[in-house]
Amino acid sequence: SGLAQDVPPYTEDCRSGTYPPSGPTFKGNVSWYTVNLDQAPQERWQKLISEKKTALSILIQAIKDLATSFFPSEKIIKLVDTKLPLLIGTLPCPFGEEIKGIADASGLPLGEVMLFNIFYEVFTV
Amino acid sequence: CTSVVAEDKSGKLYHARNLDFGLFLGWDVKNNSWMVTQLLRPLVVNVDFQRNGKTVFVSTSFAGYVGMLTGMKPGIFSLTMNERFSIDGGYIGVLEWILGKRDGMWMSFLTRSVLENATSYEEAKTLLSKTKLLAPAYFILGGNKSEEGCVITRSRAACLDIWELDLKNGTWYVLETNYDHWKAPLPIDNRRDPAMKCMRRTSQQNISFGTIYDMLSTKPVLNKLTTYTTLMSVSDNKLEAYLRICPDPCMPW
Chain A
8 SGLAQDVPPY
18 TEDCRSGTYP
28 PSGPTFKGNV
38 SWYTVNLDQA
48 PQERWQKLIS
58 EKKTALSILI
68 QAIKDLATSF
78 FPSEKIIKLV
88 DTKLPLLIGT
98 LPCPFGEEIK
108 GIADASGLPL
118 GEVMLFNIFY
128 EVFTV
Chain B
23 CTSVVAEDKS
33 GKLYHARNLD
43 FGLFLGWDVK
53 NNSWMVTQLL
63 RPLVVNVDFQ
73 RNGKTVFVST
83 SFAGYVGMLT
93 GMKPGIFSLT
103 MNERFSIDGG
113 YIGVLEWILG
123 KRDGMWMSFL
133 TRSVLENATS
143 YEEAKTLLSK
153 TKLLAPAYFI
163 LGGNKSEEGC
173 VITRSRAACL
183 DIWELDLKNG
193 TWYVLETNYD
203 HWKAPLPIDN
213 RRDPAMKCMR
223 RTSQQNISFG
233 TIYDMLSTKP
243 VLNKLTTYTT
253 LMSVSDNKLE
263 AYLRICPDPC
273 MPW
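Sequence order for the protein chains is A and B.
So the number in the working numbering is just where the residue sits in the first sequence, counting from 1, plus 7.
So the number in the working numbering is just where the residue sits in the second sequence, counting from 1, plus 22.
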């Protein structure tokens with residue numbers, strides 16, 4: 008059994024009638040995009056990224072700010088920007104090429120896009 | 023995260039998930055929410071991956087992220103991944119990769135590869151349970167036939183357990199959060215029991231997109247880390263995804 012979660016209002020009785028989604032816990036629908044796997048890996052994400060590059064750069068800037076608050080010298084950011092791109096060729100095909108294409112389309116540094124893509128492995132500690 | 027595969031009385035399979043991410047990655051005081059979670063929401067997209075003009079698989083993903091955490095191969099299988107925390111975590115795998123030991127697979131690249139290339143539930147199960155990984159993970163896999171549903175618990179090197187649907191013994195759903203199903207969850211992060219309580223209360227005969235969405239909307243299954251909810255039905259070729267938010271009062275995880 009839980010501790011904090013056994014205490015209302017952090018827990019609640021099973022909800023009903025929430026579908027179709029609406030109300031305060033529904034933030035919106037998710038848009039559909041098509042990725043054509045017949046295209047070269049570097050080109051596949053261009054259309055999607057052209058629409059989402061502002062949101063992507065805001066997220067990556069926030070992660071950089073967070074890292075800088077822990078390591079104020081900015082050495083960690085320099086390491087990501089200069090050393091991570093050296094590993095791009097070691098990623099299995101087609102992922103390295105797709106990440107390069109996303110970095111090109113978004114105008115973000117390759118190392119920072121690569122970090123976003125390996126976030127899971129880094130944060131399972 | 024919370025993922026579930028459930029079978030209704032007619033043998034139809036449903037697969038759904040809440041994706042929770044961003045714990046300890048900055049707190050936005052103004053909006054009373056996790057900063058990264060909030061910034062991830064505008065990046066959530068549904069993607070239809072096509073070859074020769076035909077759908078190969080569909081997924082709910084983040085723009086800029088080429089791996090997959092949630093996806094479905096229409097008519098064949100559905101797949102979600104939940105984070106598994108371990109001392110022998112992914113950072114060791116990343117260090118090994120940097121040092122040149124590259125026999126493991128990046129987790130989200132494996133899920134993408136399975137969605138793209140596997141042609142059956144069994145093939146997907148084999149690939150997800152046997153491929154060496156850089157990080158531990160839970161893979162939640164659903165198929166299109168009765169009892170095709172399982173939770174695969176993975177360490178980096180081995181498959182620790184496969185927990186499968188078993189109707190004869192009353193297991194009509196499998197539900198995974200972020201803890202090994204044979205162990206108790208962390209007392210301050212018990213989403214499993216509230217979720218299972220709602221599943222039992224719903225009962226097998228009433229399971230549907232609507233009742234599963236109800237369960238995933240119940241606090242603390244829905245919490246401040248919840249970014250999106252995806253509902254999938256392989257046999258109906260349906261994937262629906264919704265952005266989520268948990269207004270106060272709400273558990274931070």
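Glycine included, every Cβ here is placed at the ideal spot set by N, Cα and C.
DSSP three-state assignment for residue 173 of chain B, whether helix, strand or coil:
Position 151 of the second sequence, counted from the start, is the residue given in the question as residue 173 of chain B. Residue state, collapsed to three classes: strand.
* To do: Can you say whether residue 14 of chain A is buried or exposed, counting buried as having 16 or more other CB atoms within 10 angstroms of its CB?
  => Reading the first sequence from its first residue, position 7 is the one you call residue 14 of chain A. Looking at its Cβ environment, which holds fewer than 16 other Cβ atoms inside 10 Å, residue 14 of chain A is exposed.
| Quick one: does residue 9 of chain A have its CB under 8 Å from some CB of chain B? | By one-based count along the first sequence, residue 9 of chain A stands at place 2. Summary for residue 9 of chain A: the model assigns pLDDT 48, below 50, so the residue's position carries little reliability; its value from the coordinates is reported in the next sentence. Yes, because at least one Cβ of chain B sits closer than 8 Å to the Cβ of residue 9 of chain A.
How far does the alpha helix (DSSP H) with residue 121 of chain A in it reach, from first residue to last? By one-based count along the first sequence, residue 121 of chain A stands at place 114. First-last of the alpha helix (DSSP H) with residue 121 of chain A: 117-124.
Is residue 80 of chain B closer than 8 Å to residue 89 of chain B when the C-beta atoms are compared?
As a position in the second sequence, residue 89 of chain B is number 67, starting the count at 1. As a position in the second sequence, residue 80 of chain B is number 58, starting the count at 1. The answer is no: Cβ separation not under 8 Å.
When you compare the CB positions of residue 87 of chain A and residue 250 of chain B, do they come within less than 8 Å of one another, or not? What you label residue 87 of chain A is simply residue 80 of the first sequence in a count that begins at 1. What you label residue 250 of chain B is simply residue 228 of the second sequence in a count that begins at 1. In this structure, residue 250 of chain B does not lie closer than 8 Å to residue 87 of chain A by Cβ.
task = Take every Cβ of the stretch 52-59 of chain B, pair it with every Cβ of the stretch 218-233 of chain B, and state whether three or more of those distances are shorter than 8 Å.
result = Too few Cβ pairs lie closer than 8 Å, so no.
Quiz item: In terms of alpha-carbon separation, which member of A:56, A:109, A:71, A:66 lies closest to residue 60 of chain B?
Solution: Position 38 of the second sequence holds residue 60 of chain B. Looking at the Cα atoms, A:66 is the closest of the given residues.
**Study point:** Option nearest residue 241 of chain B by Cα separation, candidates B:254, B:77, B:275
**Key:** Sequence index remark: in the second sequence, residue 241 of chain B carries index 219 (1-based). Nearest of B:254, B:77, B:275 to residue 241 of chain B, Cα basis: B:275.
Could you list which residues in chain B have their beta carbon closer than 8 Å to that of residue 63 of chain A, in chain order? Residue mapping note: residue 63 of chain A aligns to position 56 of the first sequence, counting from 1. Neighbours of residue 63 of chain A on chain B, chain order: 65, 85, 86.
Check the Cβ of residue 88 of chain A against every Cβ in chain B and list those closer than 8 Å, keeping chain order.
Counted from its first residue, the first sequence places residue 88 of chain A at position 81. Going along chain B, no residue has its Cβ under 8 Å from residue 88 of chain A, so there is no contact; the nearest lies around 16 Å.
Fill in: Proximity to residue 101 of chain A [Cα-Cα], best of A:47, A:79, A:121
If you number the first sequence from 1, residue 101 of chain A lands on position 94. For residue 101 of chain A, the nearest C-alpha among the options comes from A:47.
Original post:
Taking just the CA atoms, how far does residue 254 of chain B sit from residue 260 of chain B?
Top reply: Working through the second sequence from its first residue, we reach residue 260 of chain B at position 238. Working through the second sequence from its first residue, we reach residue 254 of chain B at position 232. In a straight line, the C-alpha of residue 260 of chain B is about 6 Å away from that of residue 254 of chain B.
How should residue 93 of chain A be labelled, buried or exposed, when 16 other C-beta atoms within 10 angstroms of its C-beta is the threshold for buried?
As a working mapping, residue 93 of chain A is identified with position 86 in the first sequence. So residue 93 of chain A ends up on the exposed side.
- Task: Return helix, strand or coil for residue 14 of chain A, following the three-state DSSP convention.
- Result: Position 7 of the first sequence holds residue 14 of chain A. Note: residue 14 of chain A maps to coil in three-state DSSP.
Is the shortest distance between the beta-carbon of residue 156 of chain A and the beta-carbons of chain B less than 8 Å? Outside the shown range of chain A (8 to 132) lies residue 156 of chain A, about which nothing can therefore be said.
- residue 34 of chain A to residue 111 of chain B, Cα distance in whole Å? Counted from its first residue, the first sequence places residue 34 of chain A at position 27. Counted from its first residue, the second sequence places residue 111 of chain B at position 89. Going from the Cα of residue 34 of chain A to the Cα of residue 111 of chain B covers about 33 Å.
So residue 23 of chain A contacts chain C; which residues on that side make the cut at Cβ distance below 7 Å?
Of the chains in the structure shown, none is chain C; the protein chains are A and B.
**Asked** According to the neighbour-count rule (16 or more other Cβ atoms, all chains shown, within 10 Å of its Cβ), is residue 118 of chain A buried or exposed?
**Response** Looking up residue 118 of chain A in the first sequence gives position 111. It counts as buried.
Three-way DSSP call (helix, strand, coil) for residue 1 of chain B in this model = It is not possible to answer for residue 1 of chain B, since the shown part of chain B is limited to 23 through 275.
TODO: Taking 8 Å as the cut-off, decide whether the C-beta atoms of residue 112 of chain A and residue 53 of chain A are in contact.
DONE: In the first sequence, residue 112 of chain A corresponds to position 105, counting from 1. In the first sequence, residue 53 of chain A corresponds to position 46, counting from 1. Yes, Cβ-Cβ distance for residue 112 of chain A and residue 53 of chain A is below 8 Å.
Nearest-angstrom beta carbon gap, residue 120 of chain A and residue 71 of chain B [assumed within contact, 8 Å] | Here residue 71 of chain B refers to the residue found at position 49 when the second sequence is read from its first residue. Here residue 120 of chain A refers to the residue found at position 113 when the first sequence is read from its first residue. About 20 Å separates the two Cβ atoms, so there is no contact after all.
So, does the CB of residue 133 of chain B fall closer than 8 Å to a CB anywhere in chain A? Locating residue 133 of chain B in the second sequence gives position 111, counting from the first residue. Not closer than 8 Å to any Cβ of chain A, the Cβ of residue 133 of chain B fails to qualify, so no.
Exercise. Using the C-alpha atoms, what's the distance from residue 115 of chain A back to residue 61 of chain A?
Worked result: What you label residue 61 of chain A is simply residue 54 of the first sequence in a count that begins at 1. What you label residue 115 of chain A is simply residue 108 of the first sequence in a count that begins at 1. Distance between the alpha carbons of residue 61 of chain A and residue 115 of chain A: 10 Å.
TODO: Following the continuous alpha helix (DSSP H) through residue 233 of chain B, name the residue where it begins and the one where it ends.
DONE: Mapped onto the second sequence, residue 233 of chain B falls at position 211. 231-238 is the span of the alpha helix (DSSP H), which, as asked, contains residue 233 of chain B.
### Query
DSSP on residue 87 of chain A, reduced to helix/strand/coil?
As a working mapping, residue 87 of chain A is identified with position 80 in the first sequence. Residue state, collapsed to three classes: helix.
- Query: Just by C-beta distance, which residues in the stretch 90-105 of chain B are closer than 7 Å to chain A?
  - Reply: Against chain A - using a Cβ distance shorter than 7 Å - the residues of the stretch 90-105 of chain B are 105.
* Per DSSP, residue 48 of chain B is paired with what? -> Taking the second sequence and counting its residues from 1, the one referred to as residue 48 of chain B is at position 26. For residue 48 of chain B, which the question treats as bridged, DSSP gives no partner whatsoever.
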